[in-house]
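**Q** Letter 131 of the sequence shown, counting from 1, is numbered 288 in my numbering, and no numbers are missing. Glycine is no exception: its CB is placed at the ideal position from the N, C-alpha and C atoms. Bear in mind the structure is a predicted one, so any value in this text is a computation, not a measurement.
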Amino acid sequence: MRTVRLQKTLRKQLRFTNSRDGFDPENRKVKFHVIVLSFTIILFAPAGRLWAQAMVPPTGMEDANKPMPMDERFQRRFPQPVRVGDLIGLPVLDDSSSTLGHVREVVRNADGTIALIVSYGGWFGFGARPVAVPVQVVGIMGRELASLDMPRSDFAAAPTWQGAAAQVLADDATIRVALARR
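1) Could you tell me which whole beta strand (DSSP E) segments of length 3 or greater appear in the region 217-280?
2) Determine the closest residue to P287 out of A315, T270, S276 and A313, with distance taken between C-alpha atoms.
3) Go to R339, then tell me how far its alpha helix (DSSP H) extends in each direction, as first and last residue.
4) May I have the straight-line CA-CA distance separating D306 from T256, to the nearest angstrom?
5) Is it the case that the Cβ atoms of R265 and Q324 are separated by a distance below 8 Å?
6) Taking T317 and P238 to be in contact with their CB atoms under 8 Å, please state how far apart those CB atoms are, rounded to whole angstroms.
7) Could you check where the alpha helix (DSSP H) with A313 kicks off and where it finishes?
8) Name the residue from H190, V334 and P224 whose alpha carbon lies nearest to the alpha carbon of E301.
9) For A321, tell me which candidate among M298, D268, M225 and I297 has the shortest Cα-Cα distance.
10) Let me check one thing: in DSSP terms, what residues is F196 bridge-paired to?
11) Taking A272 as the reference, which of R338, Q319, T197 and D252 has the closest Cα?
12) Taking the C-alpha atoms as reference points, what is the distance between V249 and F235?
Shown next as structure tokens:
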């Protein structure tokens with residue numbers, strides 16, 4: 158009789174025991190906690206990465222607290238050579254990643270400064286007007302341009318570009334554009 162009980166007990170244990178992973182009834186709680194912890198990490202890990210990124214201020218956000226000349230801010234943003242043809246058609250985004258307009262052309266003004274001609278306003282591209290944006294106030298983020306030092310209100314207040322004494326740069330010309338990050 159004692160042997161039968163012992164055999165039944167062993168069979169119960171063998172149901173929960175596998176020679177490969179060593180699972181036994183005593184460790185079920187530990188395995189449950191490991192599974193719960195794994196799912197928790199999987200669910201909340203992406204949010205944790207987003208929170209960490211959100212703590213880094215985007216380029217240009219602190220510039221209002223530390224006023225400096227526009228050319229000096231431009232130099233501190235590590236301007237890189239960019240082909241003019243690659244800028245044509247790129248969207249220009251504001252601080253909230255809303256599209257302000259698209260680059261139509263790049264010009265050199267009579268005083269030697271370079272400006273991006275951006276189509277601003279209108280509905281779905283209709284009724285937009287060209288606005289000259291100095292290259293020092295934008296930064297490139299991959300296939301987008303960020304308006305770092307020119308808010309949406311300045312775009313609205315800017316005069317319509319006439320292009321009287323400006324020279325349109327060729328697509329194969331190279332200019333320097335600052336780097337930006339989100």
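**A** In short:
1) 237-240, 248-250, 256-265 and 271-277
2) Comparing Cα positions, the closest option is S276.
3) Per DSSP, R339 belongs to no alpha helix (DSSP H) and is neither H nor E.
4) 15 Å
5) Contact: yes.
6) Incorrect: roughly 30 Å between the Cβ atoms, too far for contact.
7) R309 to A314
8) V334
9) D268
10) Beta-bridge partners of F196 (DSSP): none assigned.
11) Q319
12) 19 Å
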